[in-house]
Every structure is written in C-alpha cells, then in structure tokens.
Amino acid sequence: MKELLEKIRAAALAEISDAAADVEQTRVRFLGKKGELTTVLRGMGALSPEDRPAMGQLANEVRTAIENAIAERMARQKERALAHRLEKEKLDVTMPGTPVRMGHQHPLTRVRREMEDVFIGMGFSIAEGPEVEYDYYNFQALNIPENHPARDTQDTFYISDKILLRSQTSPVQVRVMEKQKPPIRIISPGRVYRSDALDATHSPLFQQMEGLVVDKGITMSDLKGTLETFAKQMFGEETKIRFRPHHFPFTEPSAEVDVSCFACGGKGCRVCKGEGWIEILGAGMVHPFVLSNCGIDPEVYSGFAFGMGIERVAMKHYGIDDIRLFYENDERFLGQF
Ligand code: PHE
Numbered sequence: 091m092k093e094l095l096e097k098i099r100a101a102a103l104a105e106i107s108d109a110a111a112d113v114e115q116t117r118v119r120f121l122g123k124k125g126e127l128t129t130v131l132r133g134m135g136a137l138s139p140e141d142r143p144a145m146g147q148l149a150n151e152v153r154t155a156i157e158n159a160i161a162e163r164m165a166r167q168k169e170r171a172l173a174h175r176l177e178k179e180k181l182d183v184t185m186p187g188t189p190v191r192m193g194h195q196h197p198l199t200r201v202r203r204e205m206e207d208v209f210i211g212m213g214f215s216i217a218e219g220p221e222v223e224y225d226y227y228n229f230q231a232l233n234i235p236e237n238h239p240a241r242d243t244q245d246t247f248y249i250s251d252k253i254l255l256r257s258q259t260s261p262v263q264v265r266v267m268e269k270q271k272p273p274i275r276i277i278s279p280g281r282v283y284r285s286d287a288l289d290a291t292h293s294p295l296f297q298q299m300e301g302l303v304v305d306k307g308i309t310m311s312d313l314k315g316t317l318e319t320f321a322k323q324m325f326g327e328e329t330k331i332r333f334r335p336h337h338f339p340f341t342e343p344s345a346e347v348d349v350s351c352f353a354c355g356g357k358g359c360r361v362c363k364g365e366g367w368i369e370i371l372g373a374g375m376v377h378p379f380v381l382s383n384c385g386i387d388p389e390v391y392s393g394f395a396f397g398m399g400i401e402r403v404a405m406k407h408y409g410i411d412d413i414r415l416f417y418e419n420d421e422r423f424l425g426q427f
C-alpha cells in the first residue's frame, strides 16, 4: 500500500507540474469520489490495526501534498491571467488624447450677425419673411407690375404663376407695413433667389439684408446717417460713403451706395479694381405708392429702405474673390475663419 500511495503522489505531482494538463481533471482523477487516492483510503479498513495509523498518516500527507500543489498551481494561473490582462489593458494616461474637432460659425453667418449687431445697436429689430413668396409681395406691391422691365433683372424661379422664390428681401417691407403701423425700424436678413448662372460673382442663391424705417418726418439725411454709421462700424472709422443716382421702382429717389475701399482707403487698388469705391447696396425713400399699398398714408409718413448683399459684404470684408466658395462646404476654405 505504501508503494501505491507513493506512486499516486508522484503521478499526481507530475501531472500538476505539467503546464499542459488540466488541474481540475487531475483533482477529479486523484481526489474525486471515485479518485485513485479516495479508493485507496476506502481500502484502509482492510489493513491490520498495527499498519493502519502509519498508512493513514501517509495517505493524509499524500492528499495534503496533492491539494497544496493544486492550490499553488491555481494561484499561479490566476496571477498569470491577471498579469496578462493588465498587460493587455495597459492604459497610458499621459498619452495625448484624440483631439475633438470643434466647428465654428460659417463666415456668412458671422458677417450677417455682425451686420445685425450694428443695426440692433441703432434701434432696429429683426423681421423675417418667407422665401417662397407671392408674386404680389415680391413684385406687384413693390410697384413692379407684370411686364415691368425690372422683372428681367430679377428673374427668379416660379413655383406657379403667382408663387415664386423671392428675388429680394424687399417683400418683407410690405409684409411688415401691412401688419405694423409706424414707427417702423426693421432689418430683414435672409436668402433670396435669382435664375442667374453660377460664376465667381453670381449665385442663384444668395443672402440679402433689407432695412426699412417709416415714421413722421423721415428724410434722405436719416438714410445717409444710418448707412454712414453702418459703414464706419462695419468697415472702420475712416470709411466714407457715396450715393449715386439710380432707379428702383419701389423707392423715389433711389441711389446706389458705395463705400470707400477699406483696402486702399480710396486710392484705388486690386480690391476695388482701381475705383477707390465699392458698391455695397441699393437704397432710397420708400415710394408713396408702396406706402399707400400697405395702408400707410404717404402724406403723413415717409420712410427709407435699403438692401444689400451679405455675400458681397463678406467677400469685401475677408478679401474673398469667388462667391462659390461660400457654398462648396470645403473645409480647407471654411477652416480659415
Ligand atoms: N431690393 C433691391 C435689390 O435687390 C435693393 C433695394 C432694397 C433697393 C431697398 C432699394 C431699397 O436690388
């Protein structure tokens, strides 16, 4: 029996130290209910009373040795698994992070807000109108009847005979005057559409900002003062403005307004194409026909209006020479602002 126990010990310990062996199987094989050592222990009863204590002691020793060896190996296995996991999940907190890319406002939005701020500072509020507009508001109410030549220069996209994409922000003037009685002091920024071919200076979609002031005693000098204040705040204190006679059906008198070139101060350069001046807007005194059309008595009230292209202001502001850049969504362009 002694040899048998020693054989079991040697076999068990050899198996446990074999890295490829499954120790759970070893445990069952030797220590399990039907295990080799268990079977030997069960046979202990058959021994003579003199042999029993010594054999019993040896059997216990063998069991403890096997149990300890198994426990040790399991502990080592656990340690190794943990070390492996720690190695695998290693995290270097000093490593630089993946940068989160922050977006920012589109240059047109930025310029539009800057323009809005200047006018809000002068007491204007912002009015909005639909981009899909009635022919009536876009043309007729603005003194541009059917077949008027002014329709040619503002040819737009028609939804139906009577509904179109607005070609200017001026219809907002009419909508505001219909609802609100003077004093009126609004600006109206927004998208407008024209069926122009896309090139460096034309886009079938662009943005305008309309201005309208109606009250008792409003004169052309109020218009001049307002635009001069705007130009100085937008383009710098040195900026001068210049009115050139023009014609718009809905203002009388009308003017095109230039600002002195902020790149050269008026001497003439590449930005202003040698002119010294840059045209930025159309303006004039609201035509009496338009006022009375909206239920405002032109004998009592007068007003001025102006309209300017936001892209144009932004292009001059940032020195951009192609309007298409605003709409191409190219990060190499947008990232510069
Ligand atoms: N709506 C005109 C245009 O688009 C500009 C303008 C607005 C002129 C208001 C006079 C008064 O050309």
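Residue numbering for the sequence shown follows our numbering, beginning at 91 and increasing consecutively.
Even for Gly, the Cβ is constructed at its ideal location relative to N, Cα and C.
Helix, strand or coil at residue i according to DSSP, with G and I counted as helix
{"i": "R332", "result": "strand"}
{"i": "A373", "result": "strand"}
{"i": "S138", "result": "coil"}
{"i": "Q426", "result": "coil"}
{"i": "H196", "result": "coil"}
{"i": "F209", "result": "helix"}
{"i": "A287", "result": "coil"}
{"i": "H238", "result": "coil"}
When the options are compared against residue i, the one with the closest alpha-carbon
{"i": "S350", "options": "P343, G358 and S344", "result": "G358"}
{"i": "V390", "options": "D286, D305, A231 and Q244", "result": "D305"}
{"i": "K269", "options": "G385, S260, V130 and I156", "result": "G385"}
{"i": "Q258", "options": "P239, L295 and P335", "result": "L295"}
{"i": "E223", "options": "R241, L254, S344 and H238", "result": "L254"}
{"i": "R402", "options": "H377, P378, I368 and G374", "result": "I368"}
{"i": "E342", "options": "L371, M324, C362 and V380", "result": "V380"}
{"i": "F209", "options": "E300, A404, K406 and K97", "result": "E300"}
{"i": "N228", "options": "R241, A173 and Q323", "result": "R241"}
{"i": "V262", "options": "I276, H377 and R119", "result": "I276"}
{"i": "G374", "options": "A353, F396 and D348", "result": "F396"}
Near ligand 1: residue i beta-carbon under 8 Å from a heavy atom
{"i": "G374", "result": "yes"}
{"i": "E342", "result": "no"}
{"i": "L371", "result": "yes"}
{"i": "F209", "result": "no"}
{"i": "Q297", "result": "no"}
{"i": "Q230", "result": "no"}
{"i": "A217", "result": "no"}
{"i": "A395", "result": "yes"}
{"i": "Q323", "result": "no"}
{"i": "T246", "result": "no"}
{"i": "F214", "result": "no"}
{"i": "T184", "result": "no"}
{"i": "E223", "result": "no"}
{"i": "T319", "result": "no"}
{"i": "Q258", "result": "yes"}
{"i": "F379", "result": "no"}
Residues near residue i by beta carbon distance below 6 Å, same chain, minus five either side
{"i": "L424", "result": "none"}
{"i": "R202", "result": "P279 and I400"}
Strand pairing of residue i, partner residues [DSSP]
{"i": "S350", "result": "W367"}
{"i": "L255", "result": "V222"}
{"i": "R281", "result": "Q297"}
{"i": "A395", "result": "L302 and G374"}
{"i": "Y248", "result": "L254"}
{"i": "I276", "result": "S215 and L302"}
{"i": "A345", "result": "P335 and A373"}
Neighbourhood of residue i by C-beta, 8 Å cutoff - its chain only, sequence neighbours within 5 removed
{"i": "K252", "result": "Y224, D225 and Y226"}
CB contact check: residue i to chain B, cutoff 9 Å
{"i": "E236", "result": "Considering every chain present, this structure includes no chain B. It has just one protein chain."}
Cutoff 7 Å; reference residue i; Cβ partners in own chain excluding five residues on either side
{"i": "S382", "result": "P388"}
Any non-hydrogen atom of ligand 3 within 8 Å of residue i CB
{"i": "V282", "result": "In the structure on display, ligand 3 does not appear, and the ligands it does have are ligand 1."}
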